[in-house]
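Numbering-wise (my numbering), the sequence shown opens with residue 15 and increments by one. Ideal Cβ placement from N, Cα and C applies to all residues, glycine included. All figures in this text were calculated on a predicted structure; none of them were measured in a lab. Report on the following structure.
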Amino acid sequence: TFVANARALELNPAAAVQIVKSGHEIAGHSYAQDDLLAYLNAEQEKEIIQRCVRIITEISGERPKGWLSPVLASTERTEGILADEGFLWYGDYNHVDLPFVVPVGQKSIVALPHSDFADHRVLRQNPRDWFDVYKDTFDYLYENEPTSYLNITVHCHFGGRPLIATHVDKILKYIRGFADVWIVRHDELAQWVLDNQIREWSNQDRFFPASAPA
15 TFVANARALE
25 LNPAAAVQIV
35 KSGHEIAGHS
45 YAQDDLLAYL
55 NAEQEKEIIQ
65 RCVRIITEIS
75 GERPKGWLSP
85 VLASTERTEG
95 ILADEGFLWY
105 GDYNHVDLPF
115 VVPVGQKSIV
125 ALPHSDFADH
135 RVLRQNPRDW
145 FDVYKDTFDY
155 LYENEPTSYL
165 NITVHCHFGG
175 RPLIATHVDK
185 ILKYIRGFAD
195 VWIVRHDELA
205 QWVLDNQIRE
215 WSNQDRFFPA
225 SAPA
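Spelled out as structure tokens, the structure:
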């Protein structure tokens, strides 16, 4: 899944077309990186979300199904606006480890948790640190939490360069070497969660059903 500022797609429409052509998803990430929803009033927030939907749809040919706010700076209104606009998933959650369906009035949206604990922007020294963080986390989850979820984050202005790209390639090859792992687009995972009506889990019910993907 490519989480993109709409302005970036306006400046690079061929990239947007190629993303979709290559079988990937484009999700909304505000108009520009400094258009933080937390600084907008209700009318401005709704307008910028609708503008992003329009731009991404017009340029890529596909309506976005997901949203992740820049620096996760959302408001108490964001969830409701996205549900009203027909979004399938929303990523501004960092209080849980697993995806779940969020009731929003008469509608629903799927929470796909994100965390910047392993964001390579905070690992500014050896690029191997980025690989090691994800490898160690994956190894722990695979061994101890077989229905767990790992959201690997790469920012293009770092990860699109050879020094990080080599480790992105390396971690994907490593993970693909294990059985019963699902490497999946955000919208595909969100649709599975919605279809199976996975609700927020408690301490007494910590895991997905046994049929859930790793």
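- In the three-state scheme derived from DSSP, where H, G and I count as helix and E and B as strand, residue 104 is classed as strand.
- Per DSSP, the continuous alpha helix (DSSP H) segment holding residue 94 begins and ends at 92-98.
- The Cβ neighbour count for residue 160, taken over all protein chains shown within 10 Å, is under 16; the residue is labelled exposed.
- DSSP links residue 122 through a beta bridge to 117.
- Residue 178 carries a helical assignment under DSSP once its states are collapsed to helix, strand and coil.
- Its Cα nearest to that of residue 165, the residue 126 stands out among 40, 126, 75.
- Membership of residue 41 in the beta strand (DSSP E) is indicated by the continuous run 40-42.
- DSSP links residue 37 through a beta bridge to no other residue.
- Residue environment analysis places residue 197 among the exposed positions, since fewer than 16 neighbouring C-beta atoms fall within 10 angstroms of its C-beta.
- Of 174, 213, 103, 119, the smallest CA-CA separation from residue 202 is found for 103.
- The continuous alpha helix (DSSP H) containing residue 145 extends over residues 142-158.
- Beyond the five residues adjoining it in sequence on each side, residue 62 comes within less than 8 Å, by CB distance, of 44, 45, 49, 51, 54 in the same chain, given in chain order.
- Counting only residues of its own chain and dropping the five nearest sequence neighbours on each side, residue 145 has a CB closer than 7 Å to the CB of 181, 184, 185.
- For the set 117, 204, 29, 106, the Cα lying nearest the Cα of residue 70 is the one of 29.
- Residue 80 carries a strand assignment under DSSP once its states are collapsed to helix, strand and coil.
- For residue 87, the secondary structure class from DSSP, reduced to helix, strand or coil, is coil.
- For residue 34, same chain residues with a beta-carbon under 8 Å away, outside a window of 5 residues either side, are 40, 74, 75, 76 in chain order.
- A direct Cα-Cα distance of roughly 20 Å separates residue 191 from residue 178.
- With a threshold of 16 other beta carbon atoms within 10 Å, residue 57 falls short and is exposed.
- In this structure, DSSP gives residue 110 a state outside helix and strand, which the three-state scheme calls coil.
- DSSP links residue 16 through a beta bridge to 40.
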